[in-house]
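In this text, residue positions in the sequence shown follow the working numbering: the first is 1, and each later residue adds one.
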Amino acid sequence: QQVTETVKLEPNRVYIIPPAANLNTIDTHLRLSDLEPQPHKRATVDHFFRTLADTHDGHSIGVVLTGTGSDGTLGLRYIKEAGGVTIAQDPGEAEYDGMPRSAVVAGVVDFVLPIERIAEEVARLTRVEPQLRVPPDGEELNEDHSRLLHKIFAQIRSRTGHDFSQYKRSTVMRRIQRRMQLQHVESLERYLEFLRDNRQRSAICLTTC
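Written as C-alpha cells, this is what we have:
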C-alpha cells in the first residue's frame, strides 16, 4: 500500500514510501512530509529509519535489502544508537549488493542473513521482550535487578577491565536490554549465566552496542 495520507499502522500490511516525499512514524501512524532541501537531503529510507528510531527507540527493527548505493546505512545507525536491532541481507546473495554491503562495512548491522531467514528472525526478535525496565533517572532500581546488575558489571570488569558501574545508569541499562534481545535472553539471571558460559562475549557485550 503506497502511503498518500496520514494512516494508522495495521499488522500484516506493507507500506510504500511514495516518490518525492518523506515518510514519518508518529506513534502508531505514518505521516507524509516534504523532502528536505539540498544539501541536507537524506535518502528517504534514512529519514524514515530516523523517525522510527526517535519514536520507538529500542523497539525498532530496521532491515536493508538488495539495492544500489548506500541508502539505509545512516538510518540503520540511528536505529542501532537508539537501541533497536538492525538486519541486512547477505550481500553475497543480493542481486544488487551496494546497500547491504555499505551497511555491513559501516558496522551498523547486527545480523547478516540470507533473505529467506530475515522474516523468521524479525518474528523471533519481536517475541523476545527483555524483562528489564529502565527507570527514570533518580528512581531506584528494585533490589533484585540492582543485585544482578552489580554481578554483571563485575563479570565484565573481570574480563575486560571496563567498569560500567560508573556509567550513566539509563545508558548502560539500555545497552544491556539490547544485548539481551540480540542473544534472545529475557531475564537478567539468564543473561548473567550467558556471560559466564560465554566468556569471550563479555569483552563485547556492552562496548559494541
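Using N, Cα and C, we set each Cβ at its ideal position, and we do this for glycine too. Being a predicted model, the structure only gives us computed values, none of them experimental.
Which residues in the same chain as V128 place their Cβ atom closer than 7 Å to its Cβ, once the five residues preceding and following it in sequence are excluded? Locating residue 128 in the sequence shown gives position 128, counting from the first residue. For V128, the CB contacts under 7 Å within the same chain, skipping 5 residues up- and downstream, are Q181, H184, E186 in chain order.
If contacts are defined as beta-carbon pairs under 8 Å, then P87 and V63 qualify, I think. What distance do you get, rounded to the angstrom? Locating residue 87 in the sequence shown gives position 87, where the first residue counts as 1. Locating residue 63 in the sequence shown gives position 63, where the first residue counts as 1. The amino acid at residue 87 is misidentified as Pro; the sequence shows Ile. I87 to V63, Cβ: 5 Å. Contact.
Same chain only: Cβ atoms within 6 Å of H29, ignoring 5 sequence neighbours per side: Locating residue 29 in the sequence shown gives position 29, where the first residue counts as 1. Around H29, the same chain offers T6, K8 as residues with beta carbons nearer than 6 Å, after the five sequence neighbours per side are excluded.
What would DSSP say about V63, mapped onto helix, strand or coil? Here residue 63 corresponds to residue number 63 of the sequence shown, with the count starting at 1. Three-state DSSP puts V63 in a strand.
Have a look at T51, A21, R50, V45 and flag the residue whose alpha-carbon is nearest the alpha-carbon of P37. Taking the sequence shown and counting its residues from 1, the one referred to as residue 37 is at position 37. Check the Cα spacing between P37 and each of T51, A21, R50, V45: the tightest is with A21.
How many Å lie between E140 and E189 at the Cα? Counted from its first residue, the sequence shown places residue 140 at position 140. Counted from its first residue, the sequence shown places residue 189 at position 189. Computed Cα separation, rounded: 19 Å.
So, for Y15: in the same chain, excluding its five sequence neighbours on each side, which residues have a beta-carbon less than 7 Å away from its beta-carbon? Locating residue 15 in the sequence shown gives position 15, where the first residue counts as 1. So the qualifying residues of the chain are Q1, V3, L30.
Can the beta-carbon of V112 be found closer than 9 Å to that of I61? Taking the sequence shown and counting its residues from 1, one reaches residue 112 at position 112. Taking the sequence shown and counting its residues from 1, one reaches residue 61 at position 61. Not a contact, by the Cβ cut-off of 9 Å.
Should P100 be counted as a contact of the ligand SAM given a C-beta to heavy atom distance under 8 Å? Among the ligands in the structure shown, none appear at all, so the ligand SAM cannot be discussed.
Between C209 and the rest of its own chain, which residues show a CB-CB distance below 7 Å, the 5 nearest in sequence each way excluded? On the sequence shown, residue 209 is found 209 positions in, with the first residue counted as 1. Only weak support is given to the placement of C209: the predicted model assigns it a pLDDT of 48, under 50, and the question is left unresolved by the model.
Would you list the residues sitting across from S33 in a DSSP beta bridge? As a position in the sequence shown, residue 33 is number 33, starting the count at 1. Partner(s): N22.
Measure the beta-carbon distance from D46 to L74 and round it to whole angstroms, keeping in mind my assumption that it falls under 8 Å. To locate residue 46, count along the sequence shown from 1; it is residue 46. To locate residue 74, count along the sequence shown from 1; it is residue 74. D46 to L74, Cβ: 4 Å. Contact.
Exposed or buried, what is D110 when buried is set at 16 or more other beta-carbons lying within 10 Å of its beta-carbon? Residue 110 sits at position 110 when you count from the first residue of the sequence shown. Counting Cβ neighbours within 10 Å, D110 comes out buried, since at least 16 surround it.
Per the DSSP calculation, F111 is bridged to which residue(s)? If you number the sequence shown from 1, residue 111 lands on position 111. Bridge partners of F111: I87.
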